[in-house]
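>
There are 2 protein chains.
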Amino acid sequence: MELTDMLNKSLERYNNYKEMNLNLDMSRGKPGSDQLDISEGFLTSVSEKNDCFSENGFDCRNYGILEGIAEARRLMADVMEVSADNVIIGGNSSLNMMFDTIMRDMFFGNIDSKQPWSKLEKVKFICPVPGYDRHFSICQKLGIEMVNVKMTNDGPDMDEVEELIANDNSIKGMWCVPKYSNPDGISYSNEVVRRLATMKAADDFRIMYDNAYVIHHLSETGDGDKLLNIIDECAKAGNPNRIYMYASTSKVTFPGAGISALATSTENINFIKGYMNVQTIGNDKLNQLRHVRFFKDINGVTEHMKKHAEILRPKFENVISILNKEFDGTGFAKWNEPKGGYFISLFTNNNCAKAAIQMAKECGVTFTAAGATYPYGKDPADSNIRIAPTYPSINELITAIEVLCVCIKIVSIKQMLNK
Amino acid sequence: MELTDMLNKSLERYNNYKEMNLNLDMSRGKPGSDQLDISEGFLTSVSEKNDCFSENGFDCRNYGILEGIAEARRLMADVMEVSADNVIIGGNSSLNMMFDTIMRDMFFGNIDSKQPWSKLEKVKFICPVPGYDRHFSICQKLGIEMVNVKMTNDGPDMDEVEELIANDNSIKGMWCVPKYSNPDGISYSNEVVRRLATMKAADDFRIMYDNAYVIHHLSETGDGDKLLNIIDECAKAGNPNRIYMYASTSKVTFPGAGISALATSTENINFIKGYMNVQTIGNDKLNQLRHVRFFKDINGVTEHMKKHAEILRPKFENVISILNKEFDGTGFAKWNEPKGGYFISLFTNNNCAKAAIQMAKECGVTFTAAGATYPYGKDPADSNIRIAPTYPSINELITAIEVLCVCIKIVSIKQMLNK
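Take a look at the structure:
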């Protein structure tokens, strides 16, 4: 019988891999060492006193300039395709800016709130799934209930979103990764962006718009998916304060030493500055300058991102090609072929993901935990596996994905044969 | 009449200063440009790939190591005279770590809390006065009521502190700047430290122990006031979790690009890490490495601080010498002569500070606003003036202090003559 043959062959392969005593970690969406090397010049881009002054002569070594220096705001505005006036530069972690935003809205409410969110009986956020576990962790920590909405090829299912919001006024927010989404690699269509901007929602409803991969294309040309400007769309729709957009250079220069940015309406900016003014003495301006000196302008960033793409493209291509080879005609898995971002999202048959990942682990290959891409770590279908191809070498990657495929095959066939 | 003569002479001097069209800002406790220049080598202390690895081989360019790299924790532990295991390294702002601490205790409570502080009917903090306006701003923003306690030459009046806490269980915290306090320049005696550690207080009572000037001596030798180790004292007294101690390199390397640190009990550290893990991807480790490479160890820091002292000593000496010259025998003002820190605290007769600062302002010399050193910006006696001698040049400083003295004389004499 064909399935039994395939199972036996897969078990044989699995045992061979097991004998290799592998120790591979595929769980983290972080840049590889070769990617970090392309930013080495960044380290010395501010190397003497004369480099320390902003374009308007401010000594960036000293205190001051809460919202970030003008040229850094401009650079990150160009990255996010928004106006520099709408940008605040943060520290090295956009996640920290997101956390602060939600904490602020919980504790104080935002400018459109009648009361702090924490005073409400219940606060809910819409979470397109699969999504990013660190977004979900923030909600969980702060006691915000998460409501799953499925992703389509155009972004979140907007019929579902609109219906949920229309019927539940405890929904105060929504997570979005609008370009090359984590983990699906899907970019939102113009219609999805427009519906996010125009849909009816509570005055103080906020979209946490994590534009983490806005310039992280895989193409040779540096071109990629385009997003409609949601801040403009929200303003046009009379919902100017709805969007908090985030980006960072964590996967542009260095994950440990980048700069982050928040873009939002002027009214939100002023409100946030009133809070930041109490919270901090201001973020690291020398690191802002390092970025400006290293890239000069958005063209410098675009050229730099092509170098990242050169390193990442073969990794993504290898994964896709192995998946095609292993699963073609089997129906055991489907997956997206993203044009950018950091992940490939793989869907097994229902109730197979956890077992496959466990098998891979027993073979020395660690993948992102099954369920991690869903709120509360629970994938209702037990089907999604997040593949992070960036960190391992190509050879490691090939082995790891082959192991994964073998494990999925074994688990899937066993499931079918038990039926 | 002698007072009238002095008034007329002072008015004449005031008018002369007014004609000089001065524009001096004495309001900010920040390092001068010459102080920043002594850290220039810091900028290139991490300048190539090989510099980016921690002592245990971790690539600091990438994600990871929430609590900071071991060698940075050791360096800041030596600065604070605590154990490295008790230290978490933050971003560039210790104020931000303080804000996060109180926000966390408000929203979640701390490990010894029965409920979040924000759920209590009232939360109060003891504030030794005069003190640091940014500490007070955090309390005000988060709705914490501040209770003034007077400073003695040994630190806060502990009789007052103990009585307040014994009679009011809504007191959950206290601000302290234990060495070269802002603005008085007073260092806490061993007895004060011991009483802070041993006094009866709520289980979840916390001392925000801002050790901002722990190594900021003015002496030529690099020696200065010594503090008893309060973390040890608290542990001995059975109150191990009482202290959150803070320090930073803002006034060691660069105010805009230093590193901050929090020292506290192991139990607190673990609790805080559980929160940080959701809040951030980790702080800038390359900047931690820059500090370690630049200073090598605590001896490097000590030598470096002597250079700061060399620049600051004549500034402090000039202020003290002018104050002596102008006020000797008048009774119009008294002041401290600190052996370190960033400020000289001047006390006028009651109800004179605001008017004197206003007069100075009209003459082009801006001082820290009267009242700023008290909670809610209200100095009940209208007497305290914070002098920040560090930022201006010596010539500017001399002029500014002379202007201030003249203004204080005019206001004081007018007040006496009107009696």
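If you're matching them up, the sequences are chains A and B in order.
To convert, take the position in the first sequence, counting from 1, and add 4; that gives our numbering.
To convert, take the position in the second sequence, counting from 1, and add 4; that gives our numbering.
All C-beta atoms, glycine included, are put in the ideal place defined by N, C-alpha and C.
Taking just the CA atoms, how far does residue 79 of chain B sit from residue 430 of chain B?
With chain B represented from 5 up to 423, any question about residue 430 of chain B goes unanswered, as that position is not in the structure.
> Please determine if the stretch 166 to 183 of chain B and the stretch 357 to 367 of chain B are in contact, where contact requires at least 3 C-beta pairs separated by less than 8 Å.
no
> Does residue 329 of chain B come within less than 9 Å of chain A when only Cβ atoms are used?
Residue 329 of chain B sits at position 325 when you count from the first residue of the second sequence. Chain A contact via Cβ: absent.
> In the DSSP output, what is residue 210 of chain B paired with across the bridge?
Locating residue 210 of chain B in the second sequence gives position 206, where the first residue counts as 1. Its beta-bridge partners are B:177.
> Where does residue 383 of chain B land, buried or exposed, given buried means 16+ other C-beta within 10 angstroms?
For the purposes of this step, residue 383 of chain B is taken as residue 379 along the second sequence, with counting starting at 1. Looking at its Cβ environment, which holds 16 or more other Cβ atoms inside 10 Å, residue 383 of chain B is buried.
> Return the first residue and the last residue of the alpha helix (DSSP H) that residue 409 of chain A is part of.
Position 405 of the first sequence, counting from 1, holds the residue named residue 409 of chain A. It spans 398 to 422 - the alpha helix (DSSP H) in which residue 409 of chain A sits, taken as one unbroken run.
> Report the residue from B:349, B:95, B:51 whose alpha carbon sits nearest the alpha carbon of residue 41 of chain A.
In the first sequence, counting from the first residue as 1, residue 41 of chain A sits at position 37. Residue 41 of chain A has its Cα closest to that of B:51, out of B:349, B:95, B:51.
> Can you tell me where the beta strand (DSSP E) holding residue 154 of chain A begins and where it ends?
The sequence position of residue 154 of chain A within the first sequence is 150, counting from 1. Per DSSP, residue 154 of chain A belongs to the beta strand (DSSP E) from 149 to 156.
> For a contact meaning CB atoms closer than 9 Å, what does residue 7 of chain A contact in chain B?
In the first sequence, the residue the question calls residue 7 of chain A occupies position 3. Those within 9 Å of residue 7 of chain A in chain B number zero; the least Cβ separation is about 42 Å.
> Closest to residue 101 of chain A by C-alpha separation, out of A:388, A:268, A:131, A:158, would be which residue?
As a working mapping, residue 101 of chain A is identified with position 97 in the first sequence. Of the candidates A:388, A:268, A:131, A:158, the one whose C-alpha sits nearest the C-alpha of residue 101 of chain A is A:268.
> Beta-carbon within less than 6 Å of residue 203 of chain A's beta-carbon, same chain only, minus the 5 sequence neighbours each way: which residues are those?
The count along the first sequence starts at 1 and reaches residue 203 of chain A at position 199. Taken in chain order, the residues that qualify are 166.
> Going by the DSSP bridge assignment, what does residue 265 of chain A pair with across the sheet?
Mapped onto the first sequence, residue 265 of chain A falls at position 261. Per DSSP, A:93, A:251.
> Report buried or exposed for residue 162 of chain A, applying the criterion of at least 16 other Cβ atoms within 10 angstroms of its Cβ.
Numbered from its first residue, the first sequence carries residue 162 of chain A at position 158. Buried, by the Cβ-count rule.
> Taking all protein chains shown into account, decide if residue 424 of chain A is buried (16 or more other Cβ within 10 angstroms of its Cβ) or exposed.
The displayed coordinates of chain A run from 5 to 423. Any statement about residue 424 of chain A would go beyond what the structure contains.
> Using a 10 Å radius around the Cβ and a threshold of 16 neighbouring Cβ atoms, would you call residue 325 of chain B buried or exposed?
As a first step, residue 325 of chain B is located in the second sequence; it is residue number 321 there, counting from the start. With fewer than 16 other Cβ atoms inside 10 Å of its own Cβ, residue 325 of chain B counts as exposed.
> Just tell me which of B:370, B:97, B:30, B:245 has its CA closest to the CA of residue 70 of chain A.
Translated into positions along the first sequence, residue 70 of chain A becomes position 66. Measuring from the Cα of residue 70 of chain A, the nearest candidate turns out to be B:97.
> Answer yes or no: do residue 184 of chain B and residue 213 of chain B have a C-beta to C-beta separation smaller than 9 Å?
Sequence index remark: in the second sequence, residue 184 of chain B carries index 180 (1-based). Sequence index remark: in the second sequence, residue 213 of chain B carries index 209 (1-based). No, the Cβ-Cβ distance between residue 184 of chain B and residue 213 of chain B is not below 9 Å.
> Using a threshold of 9 Å, state whether the C-beta atoms of residue 11 of chain A and residue 358 of chain A are closer than that.
Numbered from 1 along the first sequence, position 7 holds the residue referred to as residue 11 of chain A. Numbered from 1 along the first sequence, position 354 holds the residue referred to as residue 358 of chain A. No, the Cβ-Cβ distance between residue 11 of chain A and residue 358 of chain A is not below 9 Å.
> When you check each C-beta in the stretch 51 to 77 of chain B against every C-beta of chain A, which residues fall closer than 7 Å?
The stretch 51 to 77 of chain B vs chain A, Cβ under 7 Å: 51, 52, 53, 63, 64, 65, 66, 67.
> Taking a contact to mean a Cβ-Cβ separation below 9 Å, would you say residue 259 of chain B touches residue 34 of chain B in this structure?
If you number the second sequence from 1, residue 259 of chain B lands on position 255. If you number the second sequence from 1, residue 34 of chain B lands on position 30. Against a cut-off of 9 Å, the Cβ pair of residue 34 of chain B and residue 259 of chain B comes out as a contact.
> Alpha carbon to alpha carbon, how far is residue 235 of chain A from residue 367 of chain B? Give it in angstroms, no decimals.
Counting from one through the second sequence, the residue named residue 367 of chain B turns up at place 363. Counting from one through the first sequence, the residue named residue 235 of chain A turns up at place 231. C-alpha separation (whole angstroms): 47 Å.
> Rounded to a whole number of angstroms, what is the C-alpha to C-alpha distance between residue 182 of chain B and residue 179 of chain A?
Start at 1 with the first residue of the second sequence, and residue 182 of chain B comes out as number 178. Start at 1 with the first residue of the first sequence, and residue 179 of chain A comes out as number 175. C-alpha separation (whole angstroms): 44 Å.
> Out of curiosity, what's the CA-to-CA distance linking residue 378 of chain A and residue 144 of chain A?
By one-based count along the first sequence, residue 378 of chain A stands at place 374. By one-based count along the first sequence, residue 144 of chain A stands at place 140. Spanning the two alpha carbons is a distance of roughly 12 Å.
> From what residue to what residue does the alpha helix (DSSP H) around residue 41 of chain B run?
Along the second sequence, one-based indexing puts residue 41 of chain B at 37. Here the alpha helix (DSSP H) through residue 41 of chain B covers 37 to 41.
> With residue 337 of chain B as the anchor, note down where its beta strand (DSSP E) starts and where it stops.
Counting from 1 along the second sequence, the entry for residue 337 of chain B is found at position 333. First-last of the beta strand (DSSP E) with residue 337 of chain B: 337 to 339.
> With a threshold of 9 Å between beta-carbons, can residue 251 of chain A be considered close to chain B, or not?
Against the first sequence, residue 251 of chain A aligns to sequence position 247. Output row for residue 251 of chain A: interface = no.
> So that I know if they touch, is there some Cβ in chain A lying closer than 9 Å to that of residue 285 of chain B?
Taking the second sequence and counting its residues from 1, the one referred to as residue 285 of chain B is at position 281. By this cut-off, residue 285 of chain B is an interface position.
> Please state the DSSP three-state secondary structure of residue 83 of chain A.
Counting from 1 along the first sequence, the entry for residue 83 of chain A is found at position 79. Helix.
> Assign residue 85 of chain B to one of two classes, buried (16 or more other C-beta atoms within 10 Å of its C-beta) or exposed (fewer than that).
As a first step, residue 85 of chain B is located in the second sequence; it is residue number 81 there, counting from the start. Buried is the call here.
> Under 8 Å: do the stretch 286 to 304 of chain B and the stretch 325 to 341 of chain B share three or more Cβ pairs, one atom per stretch?
no
> Are the Cβ atoms of residue 72 of chain B and residue 283 of chain B separated by less than 9 Å?
On the second sequence, residue 72 of chain B is found 68 positions in, with the first residue counted as 1. On the second sequence, residue 283 of chain B is found 279 positions in, with the first residue counted as 1. In this structure, residue 283 of chain B does not lie closer than 9 Å to residue 72 of chain B by Cβ.
> How about residue 247 of chain A and residue 294 of chain A: do their beta carbons lie closer than 9 Å?
Mapped onto the first sequence, residue 247 of chain A falls at position 243. Mapped onto the first sequence, residue 294 of chain A falls at position 290. Between residue 247 of chain A and residue 294 of chain A, the C-beta spacing is not below 9 Å.
> Assuming residue 218 of chain A and residue 83 of chain A make a contact with CB atoms under 8 Å, what is their CB distance in whole Å?
Counting from 1 along the first sequence, the entry for residue 218 of chain A is found at position 214. Counting from 1 along the first sequence, the entry for residue 83 of chain A is found at position 79. Sure, about 6 Å apart at Cβ, within 8 Å.
> My understanding is that residue 115 of chain B touches residue 281 of chain B, with C-beta atoms under 8 Å, so please give their C-beta distance in whole angstroms.
As a first step, residue 115 of chain B is located in the second sequence; it is residue number 111 there, counting from the start. As a first step, residue 281 of chain B is located in the second sequence; it is residue number 277 there, counting from the start. So it is not a contact: roughly 16 Å between Cβ atoms.
> Residues of chain B with CB closer than 9 Å to the CB of residue 103 of chain A, please, in chain order.
The residue you call residue 103 of chain A lines up with position 99 of the first sequence. Ordered by position in chain B, the residues that pass the 9 Å Cβ test against residue 103 of chain A are 282, 283, 284.
> Does residue 95 of chain A get closer than 9 Å to chain B when you measure Cβ to Cβ?
Stepping through the first sequence from its first residue, residue 95 of chain A is reached at position 91. Yes, residue 95 of chain A counts as interfacial toward chain B.
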